[in-house]
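These notes concern the structure reproduced below.
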Amino acid sequence: MDRTAYSLVATDLDGTLLRGDDTVSDRSLAALARVAGAGARHLVVTGRPAPRVRSLLDRLGCTGLAVCGQGAQVYDAGEHRMLWSVTLDRELAETALGKIEAEVGQVHAAVDQDGVDGLTLIEPGYLMPHPTLPAVRVERRDALWSAPISKVLLRHPDLTDDELAATARAVVGSLATVTMSGPGTVELQPCGITKATGLAMAAERLGLGRRRTIAFGDMPNDIPMFDWAAHGVAMAGAHPELKAVADEITTTNEDDGVAVVLERVFGTS
């Protein structure tokens, strides 16, 4: 690859840029510094909502844009403000949950509230897939709808993530977009909203385009981002659905898979 081929590097966080302990290795930080030194931009594109990613952006030294909430939010880290966001209609979310539970029985739900200071609310029985992320437990499901939300997170006591996601897609229809973004993380987000939606909007604000974008990810929610970008790189531990559409497969997130590719593309010195 020509080291000048890419002007935008889009990375997922969990399972991709982040190691299992929510840290970024020195090698990855050095590779991202090399990206910046070459005049390219790094853009975080994550399923996490803006409030749950702020400290990570600080650690990465990101003071520009970030795509959060599965593409439903474009957040300016430097100014701590939302440049664009779209919410999931709460009545539609309730209806979608009802349709899913009619097929598979009770699920446990959580929501990410909209806004730069929105909370993550979890109902009884819901276990956070990332125990390091803060959440507020509510006593009843109807409390989940107390404020505008960006998405709903679902878990089932028996079904696998793939089984739950497949059933949700079959019954939800146009009520919401169903994504799977990590172990124990099946989500409902506004219909038509994907990581590609937010990435395209952020790239346009930066004056950059898809033809010079390289993207990194590990789960099916990264498929739209790969479809949008010129080159998609899946991690070695990625979900088979993402590997099937990737242009390249790198090493695992624990083995600095993002850095391995960026060093080849942008050099190491």
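Quick note on numbering that gives the first Met the number 0: the sequence shown kicks off at 0 and runs consecutively.
All residues carry an ideal CB built from backbone N, CA and C; glycine is no exception.
- For F215, DSSP records a beta bridge to T10, V232.
- Taking R139 as reference, the option from H107, D254, V185 with the minimal CA-CA separation is H107.
- Under the three-state reduction of DSSP, I222 is assigned to helix.
- Rounded to the nearest angstrom, the Cβ distance from G117 to P50 is 6 Å, consistent with a contact under 8 Å.
- A distance below 7 Å between beta-carbons, with the five flanking residues on each side excluded, links V34 to the following residues of its chain, in chain order: V8, H41, L261, F265.
- Less than 9 Å divides the Cβ of L55 from the Cβ of V23.
- Cβ-Cβ distances below 7 Å link D113 to S84, T86, P147, I148, S149 in the same chain, with the five nearest sequence neighbours on each side left out; the list follows chain order.
- Assignment of L17 by DSSP, reduced to helix, strand and coil, places it in the coil class.
- Ranked by how close their Cα comes to the Cα of R209, the residues L198, F215, E90 have L198 in first place.
- For the pair T249 and F225, the CB atoms are not nearer than the 9 Å cut-off.
- Listed in chain order, the non-local C-beta contacts of R26 below 6 Å within the same chain comprise D255, A258, local neighbours out to five positions each way being set aside.
- Taking C-alpha positions only, G60 is separated from E100 by approximately 42 Å.
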